[in-house]
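Novice: Have a look at this one.
Number of protein chains: 2
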Amino acid sequence: MQHDPVLPPGATLITPTAPIRIAAHGARAKCLQRLIRLGLPVPRTVALDAATVAMLAEGGTIDTRAVLAAFGPDTLVSIRPSSGQHEWGGPASVLNAGMNDARHAVLSGRIGADKALRLHARFIRSYAMVVAGVDCGGADDIPAMLAAFEAAHGRPFPQDPAVQLADVLRGMAAAWNAPTARLLRAARGAPDDAALGLVVQQMVLGVGDPALGEDGAGVIQFVDGETGRPRIVGRYLSQSQGRDALQGQGALYLTSDPRGPALQDVYPQVFMDLQHYGTLCRTRLREEMQIEFTLQDGALYVLDAVGVQRSTRAALRIAVTLATDGIIPEAEAVSRVQPRALLNVLHRRIRPGAGGAEIGRGIAASPGAATGALVLTAADAHAAGARGEACILVRSETVPEDVLGMHAAAGILTVRGGVSSHAAVIARGLGLPCVVGAAGLSLDAGQGLMVASDGRVLHSGQTVTLDGHGGRVIAGAVPLVEPMLDDAFATLLSWADEVRDIGVRANCDTPSEAQTAARFGAEGIGLCRTEHMFFEPDRLAVMREMIFAEDPQDRARALARLLPVQRADFTELFAIMAGRPVCIRLLDPPLHEFLPSDADGIAAMAAALHIAPDAARRRAAALAEANPMLGMRGVRLGIAIPEIYDMQARAIFEAAAAQGDVVPEVMIPLVSARREVDLVAARIAAVARSVRDEMGVPLEYRLGVMVETPRAALRADEIAEAASFLSFGTNDLTQMTYGLSRDDAGRFLSSYVAQGVFADDPFLRLDMDGVGELLRIGAERGRRARPDVTLSICGEHGGDPDSIDFSRAAGFDYVSCSPFRVPVARLAAAHLAIRDRGGSLTAPPER
Amino acid sequence: MQHDPVLPPGATLITPTAPIRIAAHGARAKCLQRLIRLGLPVPRTVALDAATVAMLAEGGTIDTRAVLAAFGPDTLVSIRPSSGQHEWGGPASVLNAGMNDARHAVLSGRIGADKALRLHARFIRSYAMVVAGVDCGGADDIPAMLAAFEAAHGRPFPQDPAVQLADVLRGMAAAWNAPTARLLRAARGAPDDAALGLVVQQMVLGVGDPALGEDGAGVIQFVDGETGRPRIVGRYLSQSQGRDALQGQGALYLTSDPRGPALQDVYPQVFMDLQHYGTLCRTRLREEMQIEFTLQDGALYVLDAVGVQRSTRAALRIAVTLATDGIIPEAEAVSRVQPRALLNVLHRRIRPGAGGAEIGRGIAASPGAATGALVLTAADAHAAGARGEACILVRSETVPEDVLGMHAAAGILTVRGGVSSHAAVIARGLGLPCVVGAAGLSLDAGQGLMVASDGRVLHSGQTVTLDGHGGRVIAGAVPLVEPMLDDAFATLLSWADEVRDIGVRANCDTPSEAQTAARFGAEGIGLCRTEHMFFEPDRLAVMREMIFAEDPQDRARALARLLPVQRADFTELFAIMAGRPVCIRLLDPPLHEFLPSDADGIAAMAAALHIAPDAARRRAAALAEANPMLGMRGVRLGIAIPEIYDMQARAIFEAAAAQGDVVPEVMIPLVSARREVDLVAARIAAVARSVRDEMGVPLEYRLGVMVETPRAALRADEIAEAASFLSFGTNDLTQMTYGLSRDDAGRFLSSYVAQGVFADDPFLRLDMDGVGELLRIGAERGRRARPDVTLSICGEHGGDPDSIDFSRAAGFDYVSCSPFRVPVARLAAAHLAIRDRGGSLTAPPER
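Chains A and B are the protein sequences, given in the same order. Taking full-length UniProt numbering, I'd label the letters of the first sequence as residues 1 to 847. Taking full-length UniProt numbering, I'd label the letters of the second sequence as residues 1 to 847.
If you want it as structure tokens, here you go:
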């Protein structure tokens, strides 16, 4: 019936051998060609390339009469977007183009007036929207619709199919360039210069004379988009077009179903053909596809096929199954799952569409979702935890004193702070959902209430839900979806570990974090912050005795009481990590962080310690600092009061010597000069000698430095001479490189990022240009001075794929991140290794 | 009488041609050789080189009999130290070595028993002290002295002159190595490996038989050591040795004097000879020397000559006079005055030996001395200033609110803080004496009293004196010495400017500082911190209105009221600097610094601003920061509230346009990213355009960046593309590079420096290795991106000679420092330029 037409430049009839390329024609055009090659019954389709579409958007024209000629006379066509990736979206498809009064009349005769009217009205409605943004209403009243269009648009609805097609093509091209469309696809990962191709396809009507055979349209896929497990999903609707079956009443189930009739039973051959097509797609296109099909006069057509929409959990299982079925290599399965997407399966989520009244909004600082009673103090959180009740801890901002309460909470909400605030960092470490900087809320802890952004007052104890993915605070409880760590997850991560070439450790301060880290496959602990160990109430009291010690003897007595509890901490960590390396940072924070910050707290402390309230107040005041971040902390404290580090070293060594199979790593914080390392190293060596002598066992340890000051990075050569490892603390290094406190930055950082002053929040995404430069300098100098020095990154950035990329390039041995980030880091590292081996991350299906 | 002896190795008879070198034999030996070459009557002298003396100190021996043989039989000798520089000191000289019972008897016959006894006793006393540390008492009772020596030392006093000499040489060699001696000379600038030579000189007794001619000894110099002006100073004492004349009763004046007989009149020929010798020294040794001379049997001998001890003021005049007399080149005169010593003439000092009860001691943070009434609040200081009364402001530590009070004070004392604390920096800028970190003091501002370290209580209003050189606090008033900036000072500095090759500007915030800077020869203002301008009470109120503005209109109104006062500030500065460049830093501190820090202050402010106390409290709390140093300040404020910089730019431009001959430099603080500069630059350009249009005059300005964050240094290339100058603020850069707040560092920095953890206080002396590395990187990258970019250092380090050395090497165009440091910087820069031209800083006198 049809013969090969002469198409205008930029338009190509899709045949098995036509030069169709994703870059030029888009993913849909390419996919249709692949389906054609596989022998699937795809209606005749013409692809318009992106250059042509761009030209149309700028007012150019194309010979649409020639395009229509490719389909033969009187053929209706559909027009669909074909961008570089299906996920980027695009303008809505237009069906039944070519309909006009004359064809309406002809079709009425052939398929019946009702159906012809529906097709015609559908086209007018789509045309009016895409060409003129005019809504022609829902009633299928052609004269009224045409009048409405003309009234709104100022010119009559065109009857000439060529004019119709030209208008639709131009309208869709223009829609692609609309600002909201750009924003939308940028949010889905499209580059700024993403281009649009279009495909013009001969309509298979899906409606017709039942006497000639079954007509209708449906959608089918062979896996469950939520679980990734095999399941036939879809609907079929007789006398319908496109995806009507998914909404329409009276649609058939696909497989035999007690609830109603099924395609499988009514049209078994069609069902078998579709199954065959699905298998072809899976094995030859190497992907689980959703197929859009239409029956016309009883014949089956495949109009389109796109990758099945899937949750991260499903994506994991689909990739693993394709690989275990031998369809794709394991490395490609690894490549197909986005590292950051793993966070979606590692945490609870609010069930999509669950609703609930939003009473506040902030920055999503740690993923997950939790429901619990509102509590306004760490003590209340602790009490709730002790009663086994879930609670959401809400604070203006958190301080180290709150850590224990945070451990007991199900979620953390702060009014101030940014993604790198204390609350956010701790919450990510604990794997707790966290929202920070919810500036619309105001708290009155004295009254025990929180005023929401809409003025509603919530009292302590009322139930709220925190959405750590969306940054939302919701009144009451809403349904949550549990995380699922199934066999597919474990399999994929084990494949990732086989290809990855940089270590991944976890930052863990507590046994429960260490257990999480071990479960998530961390190769060791890269950063154990010992200060959190001192905030347990009984220890805090001894710590305060130590701080208020009148003389070295008093101090020694207090430290002697801390020794066994510290040793027990390390014993437990070493046991959990079972021989894997554990890097312990010696005490870092300024001493005033261990004291209460308010007058009442100081009075209570004075009473507990049996010291005069005035003396307590004076000492607390004397310890106060203008800029604690830049004050008497880290190694400065270790040098001023060396007994603290002595005690910690002894606790580490005694625990390690008892365990036997561990080589503990002792890390000195906040170093800025080589001599600081020498002084601490000498005392620690002395402690090690005496533990060896006392316990009569061999004891090895490694001593290293946390590089957090720009100076330590610049002087990494001489520091490495005295340190067997250098671990770069990118949090503090970022603070000092920018001169920016993460606690205070929340106030302006988001507006800074929004204005493009900083491309990204440097606490969230490693600043490659500035901080990264210091990391490169430090790594290069450290390595030069000591070729076998172990280099690592242990800041919040450690788990970020970009940072891992950076770390591999800069020659780091491992990254260390929050336990919940470990799988993300393992997978990201694998992606990078695959990329560098020349393996493509999105291995193309069959050409 | 004597013939050339055979001396042991390491001993050299000083003759005009003997190979005497300062490095080997010390300065005294070399000077004696020079005197001999000039024909001065120097007694026979043997020099022992430093290697030999070191050998003796380690228990070696030398053939002292051979040494003594050089002087002929029965000659007594003196032994004097000869270190590399006279100023380094050394063991006391020993006279009359060789005295024993036999010679005592012979001398008794020749010069009389009394005199022989005095010589003998003098020797025993010196010997006992230097050899055994034994004090043989004051009475000239030889048997008793010898018995005392033997009892204390366990062996008899040696009679053999060779043994005596060996013992004395060994004792003096050992004394050089005693720890206290090492410390003492290190304090005088000697290197760790400074060596000691010794000279053994034939005694000219100075006591004898009057019948044979006059005997005696004296000292003469030809300039005043305090003023440097010509004046014959010294004494002569008949029948005396060494410097006895300076202490002894009955000494002659040198020149005719109404108070008593004078050498000039009694022995005119001797006086004329000495004058001749002085002139020879001055013209041929090119130095003002103090001559030690002795008469024996009427004949004049010159035993020794050393450079005249001199104050800085005298050193200046002596150098200038030698140069104007054509004896030394001007550049050498410049070289001869130590830059840091200039501080001694730029400030008042406590009169040496003035006494006074010391009631506290701290770190000498800004030189000078002041007496005034004790005040404990900035307000009291301000009130005292308004009454024209001198006051000493004492604070726990100062905050920006105190600045106005500091301006009114005569001196600043703080209990906390280090040399780079707020108090110290401001005081140096103001040229006020300042003592910080006087931890022994405690204050009770409420009671209006200060408790001294000895428990004594001083009330507000009592008089105290502050010693900014010595770090002392003294009760009551003590006599002060006024600074003198005379013609010699001006001449020397003008010569320094001729050779210097790096610019020197001053950091000035106020007209009075600018006047000081201009007076001290600053080439411009390198840093004008505008925030200090807002602490005047009337302006502070408007500033607070601006901070509490409810909407942009309110804020604009407050800023409109600040505009004329800012403009007036700049108008005055531009007028004082008379066309020299003025670099103005836009507002830098966080807004909370403009608010009261205590509840009462906030309440008062709320009342003054007619706002609710609660609202004021909330706003103040909302502005509070955990680490203000790393918070919402500098350009971050400028971007968040751009109207502030707009107002400042307008004030600058209107003042400049009115003045006509000034190209103001506008500097953006705390930059960490290029885009910050672009955003501010665009707005400032708009302000400039509108000022040009409104005033109808041409207006040029330069826009630059203050490089204070490590990131700005690392990204100096891209920042320089947008900035015509980069001024490195080494204070903040040091804080961020070390992760060290200068306000909090005082607590441990001194112990850190004492323990050698840091070689120096990095706020006092630029850290070449770390901060310096960032300066080098920043300068290199900035210059690469923009070859004509102006580079400078404007931190506290700007005036430090080491920093200037560094800045020249790194290619900086100028340094900027406190006004009082400007002369130091000018002179230091000249020294460096002379050094690099190959001119020696200590040009040797005639060989």
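Heads up, the beta-carbon is just placed ideally off N, CA and C, and yes, glycines get one too.
#1: Look at leucine 586/B and isoleucine 668/B and say whether their C-beta atoms are less than 7 Å apart.
#2: According to the neighbour-count rule (16 or more other Cβ atoms, all chains shown, within 10 Å of its Cβ), is asparagine 177/A buried or exposed?
#3: Taking a contact to mean a Cβ-Cβ separation below 7 Å, would you say aspartate 646/A touches valine 687/A in this structure?
#4: Measure the C-alpha to C-alpha separation of alanine 833/A and aspartate 501/A and round it to an integer number of angstroms.
#5: So, using beta-carbon positions, are threonine 398/B and alanine 423/B closer together than 7 Å?
#6: Counting only runs that start and end within the stretch 768-842 of chain B, where is the beta strand (DSSP E) found for 3 or more residues in a row?
#7: Could you check whether the Cβ of arginine 675/B sits closer than 7 Å to any Cβ belonging to chain A?
#8: Under a Cβ-count criterion, where at least 16 other Cβ atoms within 10 Å of its own Cβ denotes burial, should glutamine 249/B be classed as buried or exposed?
#9: Under 7 Å between C-beta atoms, does aspartate 744/B make it to chain A?
#10: Under 7 Å, Cβ to Cβ, is there at least one residue of chain A near valine 757/B?
#11: Which runs of the beta strand (DSSP E) fall wholly inside the stretch 296-339 of chain B and span at least 3 residues, in chain order?
#12: At the level of alpha carbons, what is the spacing between leucine 466/B and glycine 770/B?
#13: Could you check if glycine 838/A belongs to the surroundings of the ligand ADP, using beta carbon to heavy atom distance under 6 Å?
#14: Need the endpoints of the beta strand (DSSP E) that serine 126/A sits in, please.
#15: Leaving out five residues on either side along the sequence, give the residues of the same chain with a beta carbon under 7 Å from the beta carbon of alanine 194/B.
#16: Mind pulling the chain A residues with CB within less than 7 Å of tyrosine 738/B?
#17: Please list the partners that leucine 714/B has in chain A, where partner means a Cβ-to-Cβ separation under 8 Å.
#18: So what does alanine 475/A bridge to, in DSSP terms?
#19: List the residues of chain B that glycine 631/A touches, going by C-beta distances under 7 Å, in chain order.
#20: On the DSSP letters alone, give me the boundaries of the alpha helix (DSSP H) that cysteine 136/B sits inside.
#21: Check glutamine 659/B in the structure and name its three-state DSSP category.
#22: DSSP puts valine 94/B in a beta bridge; with which residues?
#23: Which term fits proline 564/B, buried or exposed, when burial requires 16 or more other beta carbons within 10 angstroms of its beta carbon?
#24: Tell me the residue span of the alpha helix (DSSP H) that contains aspartate 49/A.
#25: Out of Ala54/B, Asp265/B, Gly811/B and Pro613/B, state which residue places its alpha-carbon closest to the alpha-carbon of alanine 171/B.
#26: Using a beta-carbon distance below 7 Å, is glutamate 625/A in contact with chain B?
#27: Out of curiosity, what's the CA-to-CA distance linking leucine 841/A and aspartate 297/A?
#28: Does the Cβ-Cβ distance between serine 818/A and asparagine 507/A come in under 7 Å?
#29: Can you list, in chain order, the residues of its chain with a C-beta nearer than 7 Å to that of phenylalanine 535/B? Leave out the 5 residues immediately preceding and following it.
#30: Going along the chain, which residues of its own chain have a beta-carbon closer than 8 Å to the beta-carbon of alanine 299/B, five neighbours each way excluded?
#31: Output needed in chain order: residues of the stretch 133-146 of chain B with a Cβ under 9 Å from some Cβ in chain A.
#32: Taking Cβ positions only, does arginine 765/B come closer than 7 Å to chain A?
#33: What residues in the stretch 634-664 of chain B have a beta carbon less than 7 Å from any beta carbon of chain A?
#34: Going along chain A, which residues have a C-beta under 8 Å from aspartate 732/B?
#35: Measure the CB-CB distance between aspartate 678/B and alanine 722/B and report whether it falls below 7 Å.
#36: With a threshold of 7 Å on Cβ separation, who are the neighbours of isoleucine 20/B within its own chain once the five nearest residues in sequence on each side are excluded?
Specialist: On the basis of the coordinates in this document:
#1: Contact flag set, yes.
#2: exposed
#3: yes
#4: 6 Å
#5: Contact flag set, yes.
#6: 790-793 and 814-817
#7: yes
#8: Glutamine 249/B comes out exposed.
#9: yes
#10: yes
#11: 299-307
#12: 35 Å
#13: In the structure shown, the ligand ADP is absent, as is every other ligand, since no ligand is present at all.
#14: Per DSSP, serine 126/A lies in no beta strand (DSSP E); the unbroken alpha helix (DSSP H) holding it starts and ends at 113-127.
#15: Excluding positions up to five away in sequence, the list reads Ser83, Gly84, Trp88 and Arg185.
#16: Ser672, Thr709 and Arg711
#17: Thr737, Asp769, Gly770, Glu773 and Leu774
#18: Ala357/A and Val464/A
#19: Ser741 and Asp744
#20: It is not in any alpha helix (DSSP H) - cysteine 136/B carries neither H nor E in the DSSP assignment.
#21: helix
#22: Paired residue(s): Ile79/B.
#23: exposed
#24: Taken as a continuous stretch (DSSP letters only), aspartate 49/A belongs to no alpha helix (DSSP H), as it is neither H nor E.
#25: The question names alanine, but residue 171/B is glycine in the sequence shown. Looking at the Cα atoms, Ala54/B is the closest of the given residues.
#26: True, the Cβ-Cβ gap to chain B drops below 7 Å.
#27: Note that leucine 841/A scores a pLDDT of 47, beneath 50, so its modelled location is shaky; the value from the coordinates is reported in the next line. Distance between the alpha carbons of leucine 841/A and aspartate 297/A is about 43 Å.
#28: yes
#29: Pro400, Glu401, Val403 and Leu404
#30: Pro41 and Gly213
#31: none
#32: no
#33: Arg636, Ile639 and Ala640
#34: Ordered by position in chain A, the residues that pass the 8 Å Cβ test against aspartate 732/B are Gly739.
#35: Yes, Cβ-Cβ distance for aspartate 678/B and alanine 722/B is below 7 Å.
#36: Thr12, Ile14, Ala29, Lys30, Gln33 and Ala47
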